[in-house]
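Worksheet for the structure shown next.
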Ligand SMILES: Nc1ncnc2c1ncn2[C@@H]1O[C@H](COP(=O)(O)OP(=O)(O)OP(=O)(O)O)[C@@H](O)[C@H]1O
Ligand SMILES: [Mg+2]
């Protein structure tokens, strides 16, 4: 029982970080119907940037989150204009292939720069933990969770309260109407993609403190992120966050009892979703997306 | 036989005659080896095209069935003494049929969703298969992989039997592809690609049609996997079910022309040697990935429809212009043939 | 009277073929112009071309003396043409109030946007009452009201309204037409498309009949209503029931 609760706690902490990674995926899907397979490799890219900031410049990853987000935002906007905007026909399918190519391109570039050996951002508090009610909570995981929640909070605030946020939501829910009201869908898409990539990298910066990574790690990660958006319902950020928490808990608990099969639990959930609710938890009603 | 099918038959016979002659003309190991991989990718691409090209579903789990076929043969090897040379080739037939049948319930589950969701879920199939291959080490040998006895073929022409077996497989899958495209069944698949809801509304039994295409794709892919396993004699999960191989198959199909009969074959013949060459010279390194990504993007942006449709369009326009210039009393169709 | 919107030889379409085959139409300042015509005549296509959603292939659209052909929807909007499209155009998961604010999206001054929103909400009680609800949770008629309200956020000179009364009950329809008249009295020019041809023409100063991508007939609203030919072809049978429907509208 104790172990079970402990698994749930760790699962929620990790789920928060996954939620940040996956919410960017959902946002991008919602705005432009692009399934960004490169989301996971951008997480790893963020991990490497934080790793470099830490080992070379001795900047704490949690401080590096902000500059990394800004740089990766610009990177994302660039990727949008270079590779995604030109896809006019059959975007839903082609974008999967194009973003996959981008993913392996980035993977290759990371391999060139950092080699393929495993790295880890080993901060001074990386091995610390503290006790709450008999549970050993690792410090980094708590920090990572808190940072993820903070960023998600900012993102939600931006989406709810600002002009840009309204435009992003409008473009998601009814692109034609948004265009009629003067929203430049292209610009909004570029910004949305930039935000998606920068949240991925921000999550990556803290992810690299928890786990070891190499350029290849994005394969495992993208499987997890995609499972999350399938469960949450494509294009729903709220769904993605809730799904990340659910899956984080399930995977952590499975990990405690059967460590080898933890990743399988993600896909097991996908099968259940397919059987009972193909549109996911928060699938947007059909007419809203047309 | 109509004029078009006769021309098509002649083309097919010509190509297969050349392919049949190849290992007897060029006996260098490396040439036959690369040609074997060319054929293998052609089989995989033609099979993928059944569901990915004809029906327009981005099916990312194909390579899981390649791995399944590979493991099926390798595991059979562990328990049944099949070592006598050509017998494993024949074992591929029941394996392929079994895989095709096994894939049907999976198809029924997966085909509940479409488009991007289908792509994601099918990618999940690949990841799940990989996890099983790694973790069921009692059966698959886990990360250490699974070996088979070395095939007892003459060293000088070692690759030849595998090459010829793969050629037979290619002929079979191409026959299926051709037959499907020509039949009412093919029309149904095209209808699904155009507008699935409308097709269903018009009474096309969309599920049946998709499931059959799916099962054929999986069965042939599995047979190719089994043959590959026997050829390289030792399989590891990360090679038997490599996502990069999956996307390579798709890239080949797109390059040649998805939804066409010969496109996937052409794409495979163009890219498989390049893939082997770069894997050899760049050794699966970072450069290899970058080159692969660049090639992928080039194809996607500059040849999204593929070589075959583009060339066919060009020729058609050229002929039409020629017909107009000739402006004789004969209808254009006569000259085309 | 002067024309605010003048369309000449307009050709437009979606994929291969053209849908509009040379449309000519003038809209007078301060008028209500009503376009009627059978399904698929290209009425919606015409409005979409005016508002820049669809590119014109040939011909000209003059707004206040300058050509707006080739303008983006954003610039058409900022020149002073609002468009309430035929199909649902609210953002269903956003609140009614956020929908209204989106109407002022091209304004940079957020204080001005809020002020306009308050003004518009005064005219449309539904917006005020249910400002915090998700727009998708409103009934079809209520959604239309919010759409009209939203189109007024920029105080457009010309409002394009596509089948306002579609799916509305008789009372709401009455209300909707009332709103149009009210807007018009407040100085806005209205170009509307209407399937409820009688009711539409009844409030219109000017009417036009579109068929197969061209304007077949034009005239004052009243003259079209009285025209035997128009009545037979486009207004339905002239018997007791049709007449009584016309008189209630
Ligand atoms: N998005 C589109 N893509 C392709 N064709 C379209 C599109 N929208 C409309 N059309 C075609 O354009 C033609 C005119 O359509 P339009 O919507 O302008 O008709 P309408 O006069 O508004 O009819 P209704 O009274 O039914 O609204 C129709 O034949 C329709 O098939
Ligand atoms: Mg219409």
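Chains as they are written, first to last, in the working numbering: chain H, -13 to 276; chain U, 803 to 1139; chain Z, 6 to 254. We put the beta carbon where it would ideally sit given N, CA and C, even for glycine.
For residue i, return the contacting residues in chain U, with the cut-off set at a CB-CB distance below 9 Å.
i	result
residue 9(H)	Chain U residues near residue 9(H): none, gap ~16 Å exceeds 9 Å.
residue 268(H)	Result: empty, since nearest Cβ-Cβ is about 14 Å, beyond 9 Å.
For chain H, is any of its Cβ atoms less than 8 Å away from the one on residue i?
i	result
residue 107(Z)	yes
residue 235(Z)	no
residue 851(U)	no
residue 58(Z)	yes
residue 1052(U)	yes
residue 865(U)	no
residue 1076(U)	no
residue 94(Z)	yes
residue 161(Z)	no
residue 882(U)	no
residue 1088(U)	yes
residue 1091(U)	yes
residue 82(Z)	yes
residue 103(Z)	yes
residue 1045(U)	yes
residue 200(Z)	no
residue 937(U)	yes
residue 933(U)	yes
residue 1094(U)	yes
residue 1038(U)	no
On the DSSP bridge assignment, give the partners of residue i in chain order.
i	result
residue 166(Z)	89(Z), 197(Z)
residue 1036(U)	949(U)
residue 31(Z)	11(Z)
residue 1093(U)	Per DSSP, none; premise fails for residue 1093(U).
residue 41(Z)	214(Z)
residue 219(Z)	216(Z)
residue 67(Z)	11(Z), 72(Z)
residue 224(Z)	212(Z)
residue 210(H)	DSSP lists no partner for residue 210(H).
Under 8 Å Cβ-Cβ, which residues of chain H neighbour residue i?
i	result
residue 99(Z)	152, 155, 156, 159
residue 24(Z)	Result: empty, since nearest Cβ-Cβ is about 17 Å, beyond 8 Å.
residue 1002(U)	Residues of chain H passing the Cβ test: none, with the nearest at roughly 16 Å.
residue 90(Z)	162, 163, 166
Just the chain H side, please: which residues come within less than 7 Å of residue i by C-beta, in chain order?
i	result
residue 68(Z)	Chain H residues near residue 68(Z): none, gap ~16 Å exceeds 7 Å.
residue 78(Z)	165, 166, 168
residue 914(U)	260, 264
Could you work out which residue in the options is closest to residue i when comparing CA atoms only?
i	options	result
residue 64(Z)	231(Z), 34(Z), 219(Z), 228(Z)	219(Z)
residue 164(H)	178(Z), 20(Z), 109(Z)	109(Z)
residue 21(Z)	168(Z), 225(Z), 62(Z)	62(Z)
residue 155(Z)	46(Z), 87(Z), 145(Z)	87(Z)
residue 1070(U)	809(U), 831(U), 825(U), 848(U)	848(U)
residue 55(Z)	72(Z), 45(Z), 149(Z)	72(Z)
residue 92(Z)	53(Z), 103(Z), 118(Z)	53(Z)
residue 84(H)	866(U), 1049(U), 1018(U), 822(U)	1049(U)
residue 70(Z)	187(Z), 149(Z), 10(Z)	10(Z)
residue 81(H)	106(H), 123(H), 139(H), 22(H)	22(H)
residue 1059(U)	816(U), 854(U), 834(U)	854(U)
residue 76(H)	982(U), 956(U), 918(U), 1094(U)	918(U)
Quick one: does residue i have its CB under 8 Å from some CB of chain U?
i	result
residue 205(H)	yes
residue 65(H)	no
residue 249(H)	yes
residue 274(H)	Note on residue 274(H): pLDDT 32, under 50, position unreliable in the model; no value is reported.
residue 21(H)	yes
residue 72(H)	yes
Could you list which residues in chain Z have their beta carbon closer than 7 Å to that of residue i, in chain order?
i	result
residue 169(H)	110
Quick check: is the beta carbon of residue i nearer than 8 Å to any beta carbon in chain C?
i	result
residue 149(H)	Although the question refers to chain C, the structure presented lacks it and instead comprises the protein chains H, U and Z.
Identify the contact partners of residue i in chain U, using a Cβ-Cβ distance below 8 Å as the criterion.
i	result
residue 79(H)	858, 860, 917, 918, 921
residue 83(H)	860, 1049, 1052, 1053, 1056, 1098, 1102
Cβ closer than 7 Å: which chain U residues qualify as neighbours of residue i?
i	result
residue 213(H)	926
residue 256(H)	923, 926
Against residue i, what residues of chain H qualify as contacts under a CB-to-CB distance less than 9 Å, listed in chain order?
i	result
residue 147(Z)	The contacting residues do not exist; residue 147(Z) stays about 16 Å from chain H at best.
Point to revise | Residues near ligand 1, criterion Cβ-heavy atom distance below 5 Å | key: Those satisfying the condition are, in chain order, 19(Z), 24(Z), 44(Z), 45(Z), 46(Z), 47(Z), 48(Z), 49(Z), 50(Z).
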